[in-house]
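S.K.:
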Amino acid sequence: MIAHWPAITEGFLVSFGLLLAIGPQNFYVLRQGLRHRHVFAVTTTTFLSDIAMISLGVLGVGRVFADNPTVAYWLGWGGVAFLMWFAFNSLKGAIRPEVVTDDRINASAGSAAGQGVGIAILHALGFAWLNPWAYVDTMVLIGGVSVKYGRDVDRFAFLIGAVVASGMWFYAIGYGAKKAAPLFKKPVTWRILDGIITLVMLGVATLLVRHQISL
């Protein structure tokens, strides 16, 4: 188990860094949490969807790419470029943070928060599976980073780390939204979060560059 900690840790950091970048899916979970409406159903649906998409990226797409050295090589450099781009945008966010206001949450999440549990689950599925950035994150970036691990057991360890980060994040923002809401309205919170994202993405990009150079 100890031998697989590097893969688990990298999977966790990549997934967590991507999740910290607040998008429509996170806004929806936050809104449900703030209103205490179907929090378990929404967070669980979102988490299970993320597990499925990450698994497809790591064990499906990632494995296909890993079996083709040429494609894996160029996908690895594509992952480096994406990580650097992501880090650059996070750095801009740290310098000029945007706070999360109630109006921004409501505008991004739509009008789903007042519906029944069935509708809430359908909206959660929509935010997960109809969000093009979710495919970029899971299929391209997470799947791309995982190709550096040649053995299935290492890719599975990477997957575990990514899934753990996803579960921690979605349940934390769902159930902790009420208490955390004041923090999200402070620019300093976003400076810290974006600063962390920048460091994590640069760190993972550095590791990936070292791997690419060694090929």
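Residue numbering for the sequence shown follows this note's numbering, starting at 186 and increasing by one per position. Where a beta carbon is used, it is the ideal one built from N, C-alpha and C, also for glycine.
Tell me which residue opens and which closes the alpha helix (DSSP H) that K277 is part of.
M.R.: P254 to I280
S.K.: To the nearest angstrom, how far is it from the Cα of T383 to the Cα of P282?
M.R.: Distance between the alpha carbons of T383 and P282 is about 13 angstroms.
S.K.: Mind checking R220: buried by the 16 CB within 10 Å criterion, or exposed?
M.R.: Of the residues assessed, R220 falls on the exposed side of the cut-off, its CB having fewer than 16 other CB atoms within 10 angstroms.
S.K.: For T391, which residues from the same chain have a beta carbon less than 6 angstroms from its beta carbon, with the 5 sequence-adjacent residues on both sides left out?
M.R.: none
S.K.: Would you tell me roughly how many angstroms separate the C-alpha atoms of A309 and V349, rounded to the nearest one?
M.R.: Each residue's alpha carbon lies about 19 angstroms from the other.
S.K.: Cα-Cα, which of G208, Y356 and R376 is closest to H223?
M.R.: Y356
S.K.: Where are the beta strand (DSSP E) runs, 3 residues long or more, that stay fully inside the region 336 to 379, in chain order?
M.R.: none
S.K.: In or out: I239 buried (at least 16 other Cβ within 10 Å) or exposed?
M.R.: buried
S.K.: Quick one: what does DSSP say R222 is sitting in, helix, strand or coil?
M.R.: coil
S.K.: Should I280 go down as buried or exposed, given a rule of 16 or more other Cβ atoms within 10 Å for buried?
M.R.: exposed
S.K.: I need the DSSP call for N316, collapsed to helix, strand or coil.
M.R.: N316: coil per DSSP, three-state reduction.
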